Amino acid sequence: MRSQSVGWLFLAPTILILFVFGVWPFIYVMVISFFDWNSFAADPTMRFSGVQNYRALVFDKGFLMALWNTLKFGVFAVTSQVILGYLLAQLFMKNFPLKGLFRTVHTLPLMIAPVAVGATWRLMTVPGLGPIPYYLDKWFGYEFLISRYVGQAFMTTVVMDIWHWTPLVTLTLLAALSSMPKEPFEQAQIDGANRVQTFWYVTLPMLKPAILSAVFIRLMDAMRTVDEVWMLTGGGPGSATRYIGLYIWRVVFPKTDYGYGSAMSLITLYLTIVMCWLLYAGLVARRDLKRPE
Amino acid sequence: MTRPRPLLSILFWTVSSLVTLFPIYWMFVVSAKSRVELFGKPNFIITTFFSENYIKTLTDPTFQKYMFNSIVVATTNAALVTTLALFATYALTRYKLTGKENIFFWTITNRMAPPAAFLLPLFLLYTQVFVVGDWKLFDTRTGLILLYCVFNLPFAIWTLRGVIDSIPSELDEAAFVDGAKTWQVIWYVILPLAKPGLAVTGILTWVFAWNEYLFAATLTSVHARTITTGLAEFVTVTGTNWGQMAATAMLTLIPAIAFLALVQKHIVAGLTFGAVKG
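Right, dumping it as C-alpha cells:
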C-alpha cells in the first residue's frame, strides 16, 4: 500500500532534533559524570575518575540536605495539590452559572511564566511592600520575614507551588471525571452505597490512572523546580530553600565543577524515576493483589 | 443527589476566584504606582495610574530587544513544532512502521528529564561543539528555537495523536483511491479536520516557549536574551525598583492570558497529557 519510507521521512526531522538536542546531551552528561573536570581548577583537563563523583555524593551534606528539602517540598506541595485539585474538579462537575468564566480564572496561574510567578509572590511577601507580612503583623502581631525564618520560607514556596500548579491537577482530574461512565455510580446507588463508600469503591479506583499521572507529572516537576524559588527566595535563608535543581545549578555554573554536577544530575534523575516507580508499585500493584474475585 | 444551590456555589467560586486572582491583581497594583505611593500601608485601590513604570520599560531598548527575541523564538518554535508534530503524528498513526510504539514512548521520555541535568552538556555543546568558524549556536535565537523542540515536540505529538486518531482513516483511503498524493491528503483532508487541535497545540507550545527561563538564561548572554531572563535580572540588578519589575512581569503574562481566553474551551483536553484515556 503506502510505502513505509514516506512515513520514516515524515518522522525524520523530529527524530533528528530530539536526538541532537535530547539524546546527545544525555549521553554527554553520562560520560562527564565519570570524569574529574573543573574548568577553573588548577588542572582544568578532564581526568577519568571512575565512580569517584558518585562516591563523593554520599558524603556531601549539602547535596543530601538539598535532596531532603526537595523531597519535603514535593510531598507537601503535591499532596495538597491532589486533594485541592480533586475537590475543585468534583465541584466543577456540577452545573452552575458562569462556569466557563470561573474555570478560565482557575486555569490562569498555569499559563504564567514560573519566573513571573516568583516575581508575583515576592511582591506579596517582601517586607515593607507586600500585604502578607503587613497584615500578619497588624492583625496577629506575627513577624513574617521569609528572608530570615526557614519555616516561613519553606511554607511560602509550598503555597506558591500550590497556587501555580493546582489548576493542572484540577484539569487532569476534571477530564477524567467527565469521561467516566455513569453506570457504576447508578449501580452503587441501587446497591445502597453511601457517599463515602461510593467515593472509596467506585470513584477512586476509576480515577486512579488520572490521579497517578497527575502525581507523576507534578512530582517530576517539583523535583526540578528552579525558576520560581530562585525568584522568590534565591535559595535562602541560608540554604533552606536551595532545592536540588538550584543546588545542581550552583555546582555547575558558578563553581564549574562539571563532573560532579553531572553525577548529581544523573542521581537526581534516577531517584525521581525510582520514586515514581515505588509509588506506582505501592499504589497500583498492591491494590490489584488485594482486589477480591 | 444534592439540590442545586446556585447562590451558594456562585459565592464559593467568587471567593475562590478572588483568592486565585489576588496575587496577579496585587502585581498589577504595584505596577501602577510610583515608588512613594508604595510605602506604608498596602493600598489595594488604584487611584491614579502611574504609567511611568510601563513607559520606562517599553521604551528601554534592552527590553525591546528581549521582547522581540521572545516573540521571534516563541512564534518560530510554535510554528516549527506544530508542523513537525503534524507530520510525525501522521506517520505514527497512519503508517505501519516497525517499533512505532517505542518511538512514540521515546519522544515522551524527552520531556521527563530534569532540565538541570541538560544545562551543562548543552552549554558545552553550544559553546564548543556546534561551532562553524566564528559562528556558535550559543547566544543565538536559532539555538533556543531548536532546543525548545525537545520539550515542546513530545507535548505536541501527545496532544495531536488523539486529534489525528479521531479522523477516520477511511477518509484518507478514499482520497488515495481517487489518486491523491500524500501531500494532498495531508493538505486537503487532515489539515482542515485537525485545525482546532492544531490551533490549541500551537498556542500552548507558544506559551511554553515564551515562559521558558532556565535554558534561555544559561544558553544566551547578550544577543538572544528573552523577556523571562530580563525579568529575572530585575531581582539581581535593580532589586528595589518593584514598580518597574511588576510592570515587566505584567507584560510577560499578558500574551499568555490573551491566549488562554482564546482557547479556554479546548484547553481541558489539551492539557491532560492523554490522561483522559486512562
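Going line by line, the protein sequences match chains V and U.
Residue numbers for the first sequence follow this note's numbering, beginning at 1 and rising by one.
Residue numbers for the second sequence follow this note's numbering, beginning at 1001 and rising by one.
Glycine is no exception: its CB is placed at the ideal position from the N, C-alpha and C atoms.
Remember, it's a predicted structure, so these values are computed and weren't measured experimentally.
Within 8 angstroms, strictly: CB atoms of U/S1009 and U/G1243: As a working mapping, residue 1009 of chain U is identified with position 9 in the second sequence. As a working mapping, residue 1243 of chain U is identified with position 243 in the second sequence. Going by C-beta atoms, U/S1009 is not nearer than 8 angstroms to U/G1243.
C-alpha gap between V/L212 and U/L1144, whole angstroms: In the first sequence, counting from the first residue as 1, residue 212 of chain V sits at position 212. In the second sequence, counting from the first residue as 1, residue 1144 of chain U sits at position 144. Roughly 32 angstroms separates the two Cα atoms.
8 angstroms Cβ cutoff met for V/I162 and V/A153: Position 162 of the first sequence, counting from 1, holds the residue named residue 162 of chain V. Position 153 of the first sequence, counting from 1, holds the residue named residue 153 of chain V. No, Cβ-Cβ distance for V/I162 and V/A153 is not below 8 angstroms.
Pick from V/E143, V/V105, V/G7 and V/F199 that is closest to V/H164, judged by C-alpha positions: Along the first sequence, one-based indexing puts residue 164 of chain V at 164. When only C-alpha atoms are compared, the closest one is V/V105.
Beta carbon proximity, U/A1275 to chain V, threshold 8 angstroms: Along the second sequence, read from residue 1 onward, the residue named residue 1275 of chain U stands at position 275. Confidence at U/A1275 is low in this model, with a pLDDT of 41, below 50, so the placement of that residue should be treated as unreliable; the coordinate-derived value is given next. Closer than 8 angstroms: yes.
Own chain, CB closer than 8 angstroms to V/K72, minus 5 neighbours either side, in chain order: Along the first sequence, one-based indexing puts residue 72 of chain V at 72. So the list reads F154, once near-sequence residues are dropped.
Beta-carbon proximity check, V/M220 vs V/T268, cutoff 8 angstroms: Here the question's residue 220 of chain V lines up with position 220 in the first sequence. Here the question's residue 268 of chain V lines up with position 268 in the first sequence. Annotated as distal: V/M220 and V/T268, with beta-carbon spacing of 8 angstroms or more.
Limits of the alpha helix (DSSP H) - the one that U/E1052 falls within: Taking the second sequence and counting its residues from 1, one reaches residue 1052 of chain U at position 52. Residues E1052 to T1059.
Pair within 8 angstroms by beta-carbon distance, V/G50 and V/F34: Walking along the first sequence from the start, residue 50 of chain V turns up at place 50. Walking along the first sequence from the start, residue 34 of chain V turns up at place 34. Less than 8 angstroms separates the beta-carbon of V/G50 from that of V/F34.
Neighbour flag for U/L1219 against chain C, beta carbons, 8 angstroms: The displayed structure is made up of protein chains V and U, and chain C is not among them.
Interface flag, U/S1017 vs chain V, CB-CB below 8 angstroms: Reading the second sequence from its first residue, position 17 is the one you call residue 1017 of chain U. Yes - at least one Cβ of chain V is within 8 angstroms of the one on U/S1017.
U/A1217 Cβ short of 7 angstroms to the ligand GDP heavy atom set: For the structure depicted, the ligand GDP is absent and the ligand set is empty, with no information on it obtainable.
Cross-chain neighbours of U/F1087 in chain V, by beta carbon under 8 angstroms: Working through the second sequence from its first residue, we reach residue 1087 of chain U at position 87. Against U/F1087, the close residues of chain V are F10, L11, P13 and T14, in the order they occur along the chain (beta-carbon pairs closer than 8 angstroms).
Beta-bridge pairing of U/K1136 - partner residues as DSSP gives them: If you number the second sequence from 1, residue 1136 of chain U lands on position 136. According to DSSP, U/K1136 bridges with U/V1131.
Selection of the stretch 222 to 253 of chain V by Cβ proximity to chain U, strictly under 9 angstroms: Listed in chain order, the positions of the stretch 222 to 253 of chain V with a beta carbon within less than 9 angstroms of a beta carbon of chain U are M223, R224, V226, D227, W230, M231, G234, I244, G245, L246, Y247, I248, W249, V252 and F253.
U/I1024 versus V/S3, V/A119 and V/E228, residue with shortest Cα-Cα distance: Here residue 1024 of chain U is taken as the residue at index 24 of the second sequence, counted from 1. Closest by alpha carbon: V/A119.
Where U/Y1126 falls, given that 16 or more other Cβ within 10 Å makes a residue buried: Looking up residue 1126 of chain U in the second sequence gives position 126. It counts as buried.
Identity of the residue in V/E228, V/P167 and V/G234 nearest V/L88 by Cα: Numbered from 1 along the first sequence, position 88 holds the residue referred to as residue 88 of chain V. It is V/P167.
N- and C-terminal bounds of the alpha helix (DSSP H) containing U/F1039: Here residue 1039 of chain U is taken as the residue at index 39 of the second sequence, counted from 1. According to the DSSP assignment, U/F1039 belongs to no alpha helix (DSSP H), since it is labelled neither H nor E.
Contact with chain U by V/W139, beta-carbon distance below 8 angstroms: For this step, residue 139 of chain V is matched to residue 139 along the first sequence. The beta carbon of V/W139 sits no closer than 8 angstroms to any beta carbon of chain U.
Contact set between the stretch 119 to 131 of chain V and chain U, restricted to residues whose Cβ is under 9 angstroms from the partner: Cβ contacts with chain U: A119, T120, W121, R122, L123, M124, V126, G128, L129, G130 and P131.
Neighbour flag for U/V1207 against chain V, beta carbons, 8 angstroms: In the second sequence, residue 1207 of chain U corresponds to position 207, counting from 1. Closer than 8 angstroms to the CB of U/V1207 there is at least one CB belonging to chain V.
Where the alpha helix (DSSP H) through V/L16 begins and ends: Here residue 16 of chain V refers to the residue found at position 16 of the first sequence. Residues Q4 to L18.
6 angstroms Cβ shell around V/L67 - same chain, five flanking residues per side excluded: In the first sequence, residue 67 of chain V corresponds to position 67, counting from 1. Correct list, in chain order: I244.
Contacting positions in the stretch 94 to 110 of chain V - beta carbon closer than 9 angstroms to chain U: Residues K94, N95, F96, P97, L98, K99, G100, L101, F102, R103, T104, V105, H106, T107, L108, P109 and L110.
Residues that V/V6 contacts on chain U, provided the C-beta gap is smaller than 7 angstroms: Along the first sequence, one-based indexing puts residue 6 of chain V at 6. Residues of chain U with a Cβ closer than 7 angstroms to the Cβ of V/V6 are, in chain order, T1182.
Burial state of U/F1063 (16 or more Cβ within 10 Å): By 1-based counting over the second sequence, the position of residue 1063 of chain U is 63. Burial call: buried.
Burial state of U/K1033 (16 or more Cβ within 10 Å): Within the second sequence, the letter at position 33 stands for residue 1033 of chain U. Burial check for U/K1033: the Cβ neighbour count within 10 Å reaches 16 or more, so the residue is buried.
Buried/exposed call for V/Y270, threshold 16 Cβ in 10 Å: Locating residue 270 of chain V in the first sequence gives position 270, where the first residue counts as 1. With fewer than 16 other Cβ atoms within 10 Å, it is exposed.
Beta-carbon proximity check, V/L228 vs V/V78, cutoff 8 angstroms: Numbered from its first residue, the first sequence carries residue 228 of chain V at position 228. Numbered from its first residue, the first sequence carries residue 78 of chain V at position 78. Rather than Leu, the amino acid found at residue 228 of chain V in this sequence is Glu. Taking 8 angstroms as the Cβ cut-off, V/E228 and V/V78 do not qualify as a contacting pair.
U/P967 at chain V interface by Cβ criterion, 8 angstroms: There is no way to answer for residue 967 of chain U, as the model of chain U reaches only from 1001 to 1278.
Complete runs of the alpha helix (DSSP H) confined to the stretch 70 to 97 of chain V [at least 4 residues]: Runs of the alpha helix (DSSP H) inside the stretch 70 to 97 of chain V: none found.
Chain V contact residues for U/A1256, given Cβ-Cβ distances below 8 angstroms: One-based indexing of the second sequence puts residue 1256 of chain U at position 256. Identification of chain V residues near U/A1256 by a Cβ-Cβ cut-off of 8 angstroms yields M111, I112 and A113, ordered along the chain.
CB-CB length for U/A1117 against U/A1209, believed under 8 angstroms: The sequence position of residue 1117 of chain U within the second sequence is 117, counting from 1. The sequence position of residue 1209 of chain U within the second sequence is 209, counting from 1. About 20 angstroms separates the beta carbons of U/A1117 and U/A1209, which is beyond the 8 angstroms limit, so they are not a contact pair.
Three-way DSSP call (helix, strand, coil) for U/R1141 in this model: Looking up residue 1141 of chain U in the second sequence gives position 141. Three-state result, U/R1141: helix.
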